[in-house]
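Following: one structure in structure tokens, then a few remarks.
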Amino acid sequence: MLVLRDVTITFRRYAGLLRQVEVPGVRGVSLRLAPGEVLALVGGSGAGKSLIAHAILGLLPRNARLRGTLEFDGQVLGQPYPPGLRGRRIAFLPQQASHLDPTARVGRQLAWAARRVGARADLGARLAALGLPQGTTRLYPHQLSGGMARRVLAAAAGAGQPDLLIADEPTVGLDPASAARLLDRLRAEATRGAAVLLISHDLPAILPLAHRVAVLVEGGMRAEERAADFAGQGDALSSAYARALWRALPQNGFDPDA
């Protein structure tokens, strides 16, 4: 179980030569994510979605200040990431292909990912599940298309069957077929029992996969809804903001006041 209670993230910066100020990033966010559940964290650029992921992973920069409670499986998370975490595995599927080592072939990097978590390096099955040919293992990252690189990152993140999988904008830059394959893999992880935190700005794309949707706006939580309630005119949605967001989508006529 992942639990965030009143999580606030600020950044200390200099204003002039000597004076320091705290710049807000995320304020008062509370969330719960259970095993086998997919929670979609939705919002525009700068809403604070990736900051929350980085806080969970202990990857916030040194000038960040984290307040509130952040726990996974009863253990406190934050900065730095606690070693050992009682054998529980947290995996991260990043947005940028730059997370791949440019000096190592894909096969070696996938083998490293499996070895770090004590899993079998079944490269062929892992690549096939994401629609990648066997020859991909011999390629270097610069020889991959953007979509292929994203799927390689997904294969690495799924090594060792993590208990919590955080996916940051996993479908950006993918064609519809590749995006569907990747989302199917995330669904399979949840079906297996993993908790999946899916970060996205694309609400329609993640609705078939998510159980719940949390909406961030300018660092604050504006709505939390059942994914199934984003349907029709959104009359089942409890939040006026979520209802307006849903109705403003192109397929719903760009009409937040409908």
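Under full-length UniProt numbering, the first residue of the sequence shown is numbered 1, with each subsequent residue one higher. Cβ coordinates follow ideal geometry from the N, Cα and C atoms, glycine included.
Collapsing the DSSP output to three states places GLY173 in coil. PRO61 carries a coil assignment under DSSP once its states are collapsed to helix, strand and coil. Per DSSP, the beta bridge partners of TYR14 are GLN20.
Nearest in C-alpha terms to SER50, of all of GLU218, TRP112 and GLY146, is GLU218. Take LEU41, set aside five residues on each side of it, and the residues of its chain with a beta-carbon closer than 6 Å to its own are LYS49, ILE199 and ALA214, in chain order. Under the DSSP definition of a beta bridge, LEU165 partners with ALA91 and VAL196. Each of ALA223, ASN252 and PRO208 was checked against the Cα of GLU37, and the nearest Cα belongs to PRO208.
According to DSSP, THR8 shares a beta bridge with ARG67. At a Cβ-Cβ threshold of 8 Å, GLY74 and ARG126 do not count as neighbours. Between ARG150 and LEU174, the CB-CB gap stays under 8 Å. Under the three-state reduction of DSSP output, GLU189 falls in the helix class. Taking ALA227 as reference, the option from ALA242, GLY220 and ARG108 with the minimal CA-CA separation is ALA242. MET148 carries a helical assignment under DSSP once its states are collapsed to helix, strand and coil.
In the three-state scheme derived from DSSP, where H, G and I count as helix and E and B as strand, ALA242 is classed as helix.
ALA34 and PRO162 have their C-alpha atoms roughly 14 Å apart. Residue environment: PHE254 is assigned as exposed (fewer than 16 neighbouring CB atoms within 10 Å of its CB, all protein chains considered). Between the C-alpha atoms of PRO256 and ALA154 there is a straight-line separation of about 35 Å. Under the DSSP assignment, GLY220 falls in the beta strand (DSSP E) whose first and last residues are 220 to 226. When secondary structure is reduced to three states using DSSP, VAL213 falls in the strand class. Relative to THR10, the option among GLY220, GLN134 and GLY43 whose CA is nearest is GLY220. For ALA190, the CB contacts under 7 Å within the same chain, skipping 5 residues up- and downstream, are GLY36, GLU37, VAL38 and VAL196 in chain order. According to the DSSP assignment, LEU41 belongs to no alpha helix (DSSP H) but to the beta strand (DSSP E) extending over 38 to 42.
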